[in-house]
Amino acid sequence: MNITNIFKAGSIVLLAFLSFTFNANAQRGKKKADKETVAWRYELEAVATGVSGTYQVKVWSYSRNVETAMEQAKKNAVHGIIFKGFPDKGDVKGQKPIATNPNIDEQNKDFFEEFFKTGGGDYMKFVTLANNGQIAPQDRIKISKKEYKIGIVVSVNKSELRKYLEKAGIVRGLSDGF
Amino acid sequence: MKKNIFLVLGFLVFSLVAFSQAKKPTIMVVPSDNWCNQNGFMMEFDNQGTKMKIPNYKQAFQENADLKLVITTIGNMMAERGFPLKLMEQAIKTLESNSAEDAMMSSKDSGMGASESPIDKLKAVAKADIIIGMSWTVNQNGPEKSVTFILEGIDAYTDKQIAGATGTGPSSFSATLAVLLEEAVLAHIDNFNALLMTHFEDLFANGREVIVRIKKWDDWYEDLETEYGDDEEELGVLIEDWMADNTVQGRFNTTDATENMMLFEQVRIPLYYERNGKQRAMDTRRFAKNLSKYLKDEFEIISKVTTKGLGRATIYLGGK
Chain A
32 MNITNIFKAG SIVLLAFLSF TFNANAQRGK KKADKETVAW RYELEAVATG VSGTYQVKVW
92 SYSRNVETAM EQAKKNAVHG IIFKGFPDKG DVKGQKPIAT NPNIDEQNKD FFEEFFKTGG
152 GDYMKFVTLA NNGQIAPQDR IKISKKEYKI GIVVSVNKSE LRKYLEKAGI VRGLSDGF
Chain B
24 MKKNIFLVLG FLVFSLVAFS QAKKPTIMVV PSDNWCNQNG FMMEFDNQGT KMKIPNYKQA
84 FQENADLKLV ITTIGNMMAE RGFPLKLMEQ AIKTLESNSA EDAMMSSKDS GMGASESPID
144 KLKAVAKADI IIGMSWTVNQ NGPEKSVTFI LEGIDAYTDK QIAGATGTGP SSFSATLAVL
204 LEEAVLAHID NFNALLMTHF EDLFANGREV IVRIKKWDDW YEDLETEYGD DEEELGVLIE
264 DWMADNTVQG RFNTTDATEN MMLFEQVRIP LYYERNGKQR AMDTRRFAKN LSKYLKDEFE
324 IISKVTTKGL GRATIYLGGK
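Protein sequence lines, in the order shown, are assigned to chains A and B.
So the first sequence is numbered by my numbering: it starts at 32 and just counts up by one.
So the second sequence is numbered by my numbering: it starts at 24 and just counts up by one.
Set out below in structure tokens:
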């Protein structure tokens, strides 16, 4: 085996190792971000009221990198609309959460695990990134050596989301029981 | 045979679902008195020397296009939530046409008209179980315009506010009033419905809140202090005992009681009752009829029951 071959083989191994490390890091980042969503570590801010039942909100997520933050922003926005609501901001009216019972996440753990599944959960149907996901410079704040607080504007179709949850029997419809 | 079993099972399931529905309250959007006054939709009349002003809803609906837009937008959002609105404009038209029809109607045999007492006439107004009172004001700041919007949900029979949403929308140089109003409705209706939902959840958990009044006819020689039964208990106390036994968790409040009248508020009646082995929706009329029946069966007191919508009943003691 000459030096060129050894060098080639070494490069392949190094590449494979680097790609594995990168993937593993990305996965770890997503898992960490998922944990933070469940632990309510994000903030929602009212941006605008859109057409019937759609709201634009700025989601402040905490992450090591921007890509994870962008994905997580969608999940956090949907999570927030269901469980947290968001307050008024200037002239823009805040909204109450869809869930009136704060324990529905515990009572429907399996449903929400599937609903918020990374890469394919149904939450994706109700949220889109606004401005092609562009982040304003002032919305990218470094809060520690490894972590950023990133603000991303997303649009959530609250009306359709509520209908979906009503149909799944997770929340009660306004006319249920009558 | 199997098919028959399935049919019977299907019918049983349907019956259970169909008969265990509580009575659905009707909702109507009504422009507030304040809005009608500000926009000049009032009429004045002389009430025995005192000048009274009341809203002229018919004129408001005929002349203000923004009102129609706001009500239609609210109606769309409510229909989406399974609560189509009762339209006040249509209710007024229906009342007018019913009145005209009744005036023309006569019996084929005797030629007599349909009977109508003064109380029937008084009751012939547009009504709903939940009134959404709505008003807005336009704020002008130079060329900038914004809209302050108020929605308040009132339980028409307990007169309690059960939901509300208020706020001033974003200012705009160019948007028309119609656009600003539409934005205001979209921004407020979800929060309003969230509060309405809380009210309905309370209703399902603790029963429907109603008002029951007891009165006596002038010519009845007994009164609510007359003693009845083996224990010689006053009638008023016996009625209170019945209320305690028949309300959800014994919840009611005796607001007023004299020898001639009793007023029970915050009376929590169950949503269902059983009749012929089936669950049926309970309303105030049925609840008051049960009390009337108890008075007749136990003490031979004849009474008349009148109701106002789903939530208010009056029992007149001493005759029909």
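For glycine and all other residues, C-beta sits at the position ideal for the given N, C-alpha and C.
Taking DSSP's pairing of strands, which residues face residue i in a bridge?
i, result
"B/Pro54", "B/Met157"
"A/Ile181", "A/Ser92, A/Arg171"
"B/Gly190", "B/Phe172"
"B/Phe287", "B/Val235, B/Thr277"
"B/Tyr295", "B/Ala304"
"B/Glu250", "B/Glu257"
"B/Asn70", "B/Thr73"
"B/Asn162", "B/Ser169"
"B/Leu203", "Bridge partners of B/Leu203: none, in fact."
"A/Lys160", "In the sequence on display, residue 160 of chain A carries Leu and not Lys. In DSSP, A/Leu160 forms a bridge with A/Val185."
"B/Val328", "B/Ile338"
"B/Asp241", "Bridge partners of B/Asp241: none, in fact."
"A/Phe117", "A/Gln126"
"A/Glu74", "A/Trp91"
Indicate whether residue i and residue j have their beta-carbon atoms separated by less than 9 angstroms.
i, j, result
"A/Asn107", "A/Tyr179", "no"
"B/Tyr296", "B/Arg308", "no"
"B/Asn79", "B/Met65", "yes"
"B/Gly192", "B/Ile173", "no"
"B/Trp265", "B/Leu314", "yes"
"B/Thr270", "A/Thr131", "no"
"A/Ser186", "B/Glu103", "no"
"B/Val328", "B/Phe287", "no"
"B/Met284", "B/Arg231", "no"
"A/Gly182", "A/Arg193", "no"
"B/Thr324", "B/Glu245", "Reading off the sequence, residue 324 of chain B comes out as Ile, not Thr. Against a cut-off of 9 angstroms, the Cβ pair of B/Glu245 and B/Ile324 comes out as a contact."
"B/Asn181", "B/Val233", "Here residue 181 of chain B turns out to be Thr, not Asn, going by the sequence shown. Closer than 9 angstroms, so yes."
"A/Tyr195", "A/Asp136", "no"
"A/Thr80", "B/Ala210", "yes"
Any idea if residue i is buried or exposed, counting beta-carbon neighbours within 10 angstroms, 16 or more meaning buried?
i, result
"B/Arg298", "exposed"
"A/Ile174", "exposed"
"A/Tyr86", "buried"
"B/Trp240", "exposed"
"B/Trp58", "buried"
"B/Met127", "exposed"
"B/Asn216", "buried"
"B/Gly10", "Since the displayed chain B opens at 24 and closes at 343, residue 10 of chain B lies outside it and no answer follows."
"B/Ser133", "exposed"
"B/Ala179", "buried"
"B/Thr96", "buried"
"B/Val202", "exposed"
"A/Asn188", "buried"
When the Cα atoms are used, what is the spatial distance from residue i to residue j?
i, j, result
"B/Trp159", "B/Ser326", "46 angstroms"
"B/Met111", "B/Gly176", "15 angstroms"
"B/Thr330", "B/Val93", "32 angstroms"
"B/Asp152", "B/Leu294", "15 angstroms"
"A/Phe143", "B/Gly273", "39 angstroms"
"B/Glu124", "B/Met135", "14 angstroms"
"A/Pro128", "A/Val109", "10 angstroms"
"A/Val78", "B/Ser195", "16 angstroms"
"B/Tyr317", "A/Gly125", "51 angstroms"
"A/Glu74", "B/Ala45", "39 angstroms"
"B/Glu224", "B/Lys74", "43 angstroms"
"A/Gln169", "B/Val208", "32 angstroms"
"B/Ile338", "B/Lys312", "9 angstroms"
"B/Glu257", "B/Glu321", "13 angstroms"
"B/Val52", "A/Lys148", "42 angstroms"
"B/Leu247", "B/Ala186", "37 angstroms"
"A/Val88", "A/Glu76", "5 angstroms"
"B/Gly334", "A/Thr159", "45 angstroms"
"B/Ser138", "B/Lys131", "15 angstroms"
"B/Ser169", "A/Ile112", "27 angstroms"
"B/Gly72", "B/Asn60", "21 angstroms"
"A/Lys177", "A/Ser92", "14 angstroms"
"B/Ile77", "A/Val82", "36 angstroms"
"A/Glu145", "B/Asn214", "28 angstroms"
"B/Phe42", "A/Gly208", "With a pLDDT of only 44 at B/Phe42, under the threshold of 50, the placement of this residue in the model should not be trusted, and no figure is reported."
"B/Asp253", "B/Ile262", "15 angstroms"
"B/Ile237", "B/Leu340", "7 angstroms"
"B/Asn99", "A/Lys115", "26 angstroms"
"A/Pro210", "A/Ala167", "Residue 210 of chain A cannot be examined here, being either before or after the span of chain A that is shown, 32 to 209."
Is residue i close to the ligand NAP? I mean its beta-carbon at under 8 angstroms from any heavy atom of the ligand.
i, result
"B/Ala217", "This structure does not include the ligand NAP; it has no bound ligands of any sort."
**Request:** With 9 angstroms as the limit, tell me which residues of the stretch 181 to 201 of chain B have their beta carbon closer than that to any beta carbon of chain A; keep them in chain order.
**Result:** Legend: CB atoms of the stretch 181 to 201 of chain B lying less than 9 angstroms from CB atoms of chain A belong to residues Ala188, Gly190, Thr191, Gly192, Pro193, Ser194.
**Positions along the stretch 113 to 127 of chain A whose CB lies within less than 9 angstroms of some CB in chain B** = Cβ proximity to chain B below 9 angstroms picks out Gly116, Asp119, Gly121, Asp122, Val123, Lys124, Gly125, Gln126, Lys127 from the stretch 113 to 127 of chain A.
**Request:** Would you list, in chain order, the members of the stretch 213 to 237 of chain B that have their beta-carbon closer than 9 angstroms to a beta-carbon of chain A?
**Result:** Residues are counted here when their Cβ sits less than 9 angstroms from a Cβ of chain A; for the stretch 213 to 237 of chain B these are Asp213, Asn214, Asn216, Ala217, Leu218, Leu219, Met220, Thr221, Phe223, Glu224, Leu226, Phe227, given in chain order.
**Asked** If you measure beta-carbon to beta-carbon, which residues of the stretch 150 to 162 of chain A are closer than 7 angstroms to chain B?
**Response** Those would be none; no residue qualifies.
**Cβ-based contacts, 9 angstroms cut-off: residues of the stretch 94 to 108 of chain B near chain A** = The residues in question are Thr96, Asn99, Met100, Met101, Glu103, Arg104, Gly105, Phe106.
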